[in-house]
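Counting from 1, position 205 in the sequence shown corresponds to residue 207 in our numbering; the numbering is continuous, with no gaps.
For glycine and all other residues, C-beta sits at the position ideal for the given N, C-alpha and C.
Bear in mind that the values here come from a model prediction, so they are computed numbers and not experimental data.
For reference, the structure discussed in these notes is given below.
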Amino acid sequence: MKKLYIITSGYPYLAKEKPFLLTELHYLKERYDVTLFTRARGEIDPELPEGVNAVQLGNKTGKFRAALYCLKAFFTPAFYKELRNIRKTKSHIKEKIKNCLIHFIIAAQFNDQLRREFKMQGTPDIVYSYWGSASLTGMALFRKKREKWRLIARCHNYDLFEERAPFCYHPFKHQVDTKTDAMFLVCQGGYDYYLHHWSRSTPPICHIGKLGSSNSYGLQPYTSSTTLRIVSCSLLVPVKRVEMLIDSLSLIDNMEINWTHYGNGKLEDSLKNMAQTKLGAKNNISYNFAGYVDNTQLKKIYSQKTFDVFITVSEYEGLPVSVMEAISFGIPVIATAAGGMDEIVGNDNGILLPVQSTAQDICDAITAFASLSEEERLSLRQASRKKWEDDFCAEDNAKAFTAAIGDVERRK
3 MKKLYIITSG YPYLAKEKPF LLTELHYLKE RYDVTLFTRA RGEIDPELPE
53 GVNAVQLGNK TGKFRAALYC LKAFFTPAFY KELRNIRKTK SHIKEKIKNC
103 LIHFIIAAQF NDQLRREFKM QGTPDIVYSY WGSASLTGMA LFRKKREKWR
153 LIARCHNYDL FEERAPFCYH PFKHQVDTKT DAMFLVCQGG YDYYLHHWSR
203 STPPICHIGK LGSSNSYGLQ PYTSSTTLRI VSCSLLVPVK RVEMLIDSLS
253 LIDNMEINWT HYGNGKLEDS LKNMAQTKLG AKNNISYNFA GYVDNTQLKK
303 IYSQKTFDVF ITVSEYEGLP VSVMEAISFG IPVIATAAGG MDEIVGNDNG
353 ILLPVQSTAQ DICDAITAFA SLSEEERLSL RQASRKKWED DFCAEDNAKA
403 FTAAIGDVER RK
């Protein structure tokens, strides 16, 4: 079997990538000898598919080693080329140079670590970076022309859009593009953005490689209620703007609402306090911050409880698996049109709002949804499920992605 090395930010020791990667791994391991590489620490996922190996790389950079990599930057032509690119931006020059140097140090160290694994584990046929991060930069910048292995990667959200990066600057993106064999974007919007902002190869190396979710439960019967049952699922971090959802609920007085949020994060305490202040005294609204649940447990919950609508009001997105999971159970969606959201939410299965929407806009959308008849809600539910079946079934997309990797591998 040919060797496939996958670089992750945490999986199988951290759960962040599990919803995205697990189904992919089941298909990739049938064609390749798969090894995961990460700098993360933790307990290995018991659901890691049998036959998939995992290697923990070093996750610390001492001052002496950092100094050596810093020195190496000044003997690397790619670094000087990047400095010229920075100067052309004419803003935050010092800050960008600092970020570029830090990125280079991380990239160079990762390259050295993985090269050592090449010697111990054997040279791979394909290296697959799950993120367009410093690990990809390291493998791309220091890749030699005589080396035959293929380099592929995914870009999602923070690793793609300039506005998500400090000082709107992603180091080395143009140079990485010219030294990568294929770049897979998770949605059409991401593909268009990459092609316009980062692509320098001829022909372009970018492709659409959709993610997906699994659902072994099927579409459950819908039970109507006089209470509007809202569910949301995300990290409790600024970009998700959960505070705007709380504000929108605080404006509603004329209907019974039960809101459940799954997910935790650094804003958890402040958002709970905000909810208590703005919603605690409202007799028509009940809410529950249910905390973190893994996607296996979440799907079980969706199979047992009826939710009328899923709401997400993010400022930035790629194409969130949380929404894919919801529509797989036929749950309609109210969402802001961040990232590729317009590829998963439309008038047929929910309400799509501008990213710049206010709490009042969200309130109006909730009110409009609540006014729908049961027949109209059932129509939205059927459309949500069909959207998932057509575009976001993890098994179908994993098969397509595995085939696409094979096409890259066979290129001359």
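(Q) On a Cα-Cα basis, can you pick out the residue from Ser359, Ala340, Ala396, Glu376 that is closest to Pro223? (A) Minimum Cα distance to Pro223 is reached at Glu376.
Using three-state DSSP, classify Asp255 as helix, strand or coil.
Asp255 falls in the coil class under three-state DSSP.
*Grouping DSSP H, G and I as helix and E and B as strand, with all else coil, what is Val129?*
Reduced to three states, the DSSP call for Val129 is strand.
Would you tell me roughly how many angstroms separate the C-alpha atoms of Lys242 and Leu221, rounded to the nearest one? Each residue's alpha carbon lies about 28 Å from the other.
Determine the closest residue to Gly211 out of Leu321, Met122, Gly124, with distance taken between C-alpha atoms. Comparing C-alpha distances from Gly211 to each of Leu321, Met122, Gly124 shows the shortest one belongs to Leu321.
| message | What does the alpha-carbon distance come out to for the pair Asp47 and Tyr193? | response | Approximately 31 Å between the Cα atoms of the pair.
- Message: Taking a contact to mean a Cβ-Cβ separation below 8 Å, would you say Leu303 touches Val325 in this structure?
- Response: Reading off the sequence, residue 303 comes out as Ile, not Leu. Result no, Cβ atoms of Ile303 and Val325 do not sit closer than 8 Å.
For Leu16, which residues in the same chain have their Cβ closer than 6 Å to its Cβ, ignoring the five residues on either side in sequence?
In the same chain as Leu16, and ignoring 5 residues on each side of it, the C-beta atoms closer than 6 Å to its own belong to Ala42, Gly44, in chain order.
Minimum C-alpha distance to Ile88 - residue among Phe76, Asn101, Thr78, Phe77 = The residue with the shortest Cα to Cα distance from Ile88 is Asn101.
ask   = Does the Cβ-Cβ distance between Asn260 and Thr308 come in under 8 Å?
value = It is not a contact, given that the beta carbons lie outside the stated cut-off.
| request: Determine the contact status of Gly214 and Asp398, defining contact as a CB-CB distance below 8 Å. | output: Yes, they are a contact pair.
Exercise for the section: Could you give the DSSP three-state label for Lys4: helix, strand or coil? Expected result: Lys4: strand per DSSP, three-state reduction.
Notebook entry, point to check: How should His263 be labelled, buried or exposed, when 16 other C-beta atoms within 10 angstroms of its C-beta is the threshold for buried?
Noted result: With 16 or more other Cβ atoms within 10 Å, it is buried.
Practice prompt. Report yes if the C-beta distance between Asp1 and Leu6 is below 8 Å; otherwise report no.
Written response: Outside the shown range of the chain (3 to 414) lies residue 1, about which nothing can therefore be said.
6 Å CB neighbourhood of Asp310 in its chain, flanking five on each side removed:
Excluding sequence neighbours, Asp310 sits near Leu230, Arg231.
### Task
Using the Cα positions of Asn290 and Gln278, report the straight-line distance between them to the nearest angstrom.
Taking the straight line from one Cα to the other gives about 11 Å.
Roughly how many angstroms lie between the CA atoms of Asp344 and Pro334, to the nearest whole one?
Distance between the alpha carbons of Asp344 and Pro334: 14 Å.
- Message: Mapping the DSSP letters down to three states, classify His94 as helix, strand or coil.
- Response: Coil, per DSSP.
_Continuous beta strand (DSSP E) stretch holding Tyr195: start and end_ = Counting along the chain, Tyr195 falls outside any beta strand (DSSP E), though it belongs to the alpha helix (DSSP H) covering 190-199.
_On the DSSP bridge list, what partners appear for Arg231?_
DSSP, once it has assigned bridges, lists Asn260 as partnering Arg231.
### Task
Could you round the C-beta distance between Thr25 and Ala400 to whole angstroms and report it? I think they count as a contact, below 8 Å.
Between Thr25 and Ala400, the beta carbon gap of about 5 Å places them in contact (Cβ cut-off 8 Å).
task = Can you give me the Cβ contacts of Phe169 inside the same chain, cut-off strictly under 6 Å, excluding the 5 residues immediately before and after it?
result = These residues qualify, in order along the chain: His94, Glu97, Lys98.
- Query: Would you call Lys4 buried or exposed, if buried means 16 or more other Cβ atoms sit within 10 Å of its Cβ?
  - Reply: So Lys4 ends up on the exposed side.
**Request:** Below 6 Å CB to CB, which residues in the same chain sit around Phe312 once its five sequence neighbours on both sides are set aside?
**Result:** Taken in chain order, the residues that qualify are Val233, Ala328, Ile333, Val335.
| said: Tell me the rounded alpha-carbon separation between Lys92 and Arg166. | reply: Their Cα atoms are separated by approximately 19 Å.
*Contact belief for Leu355 with Thr338 at Cβ below 8 Å, rounded distance in angstroms*: The beta-carbon distance between Leu355 and Thr338, rounded to whole angstroms, is 5 Å. This is short enough to meet the 8 Å contact definition.
| request: For Ser201, I'd like the list of residues in its chain whose CB is within less than 7 Å of its CB, leaving aside the five on either flank, ordered along the chain. | output: Excluding positions up to five away in sequence, the list reads Asp179, Cys208.
Measure from the alpha carbon of Phe186 to the alpha carbon of each residue in His198, Ala155, Ala110, then state which is nearest. Proximity to Phe186 across His198, Ala155, Ala110 peaks at Ala155, based on C-alpha coordinates.
request  = Rounded to whole angstroms, what's the CA-CA distance from Ala385 to Gly348? Just pull it up for me.
outcome  = One C-alpha to the other measures close to 10 Å.
Please look up how many angstroms separate the CB atoms of Thr360 and Tyr29, rounded, as I've assumed it's under 8 Å.
-> So it is not a contact: roughly 43 Å between Cβ atoms.
- Query: Fully enclosed by the stretch 280-311, which alpha helix (DSSP H) runs are 4 residues long or longer?
  - Reply: Listed in chain order, the complete alpha helix (DSSP H) runs (minimum 4 residues) inside the stretch 280-311 are 297-306.
Problem - Residue nearest to Thr204 in terms of C-alpha spacing, selected from Gln123, Leu23, Lys181, His172 - result: Taking only the C-alpha atoms, the option nearest Thr204 is Lys181.
message: Cys72 and Leu103 - do their beta-carbons sit closer together than 8 Å?
response: For the 8 Å CB-CB criterion, Leu103 and Cys72 form a contact.
Based on Cα-Cα distance, which residue from Phe144, Leu27, Gln123 lies nearest to Ala75? Nearest option by C-alpha distance: Phe144.
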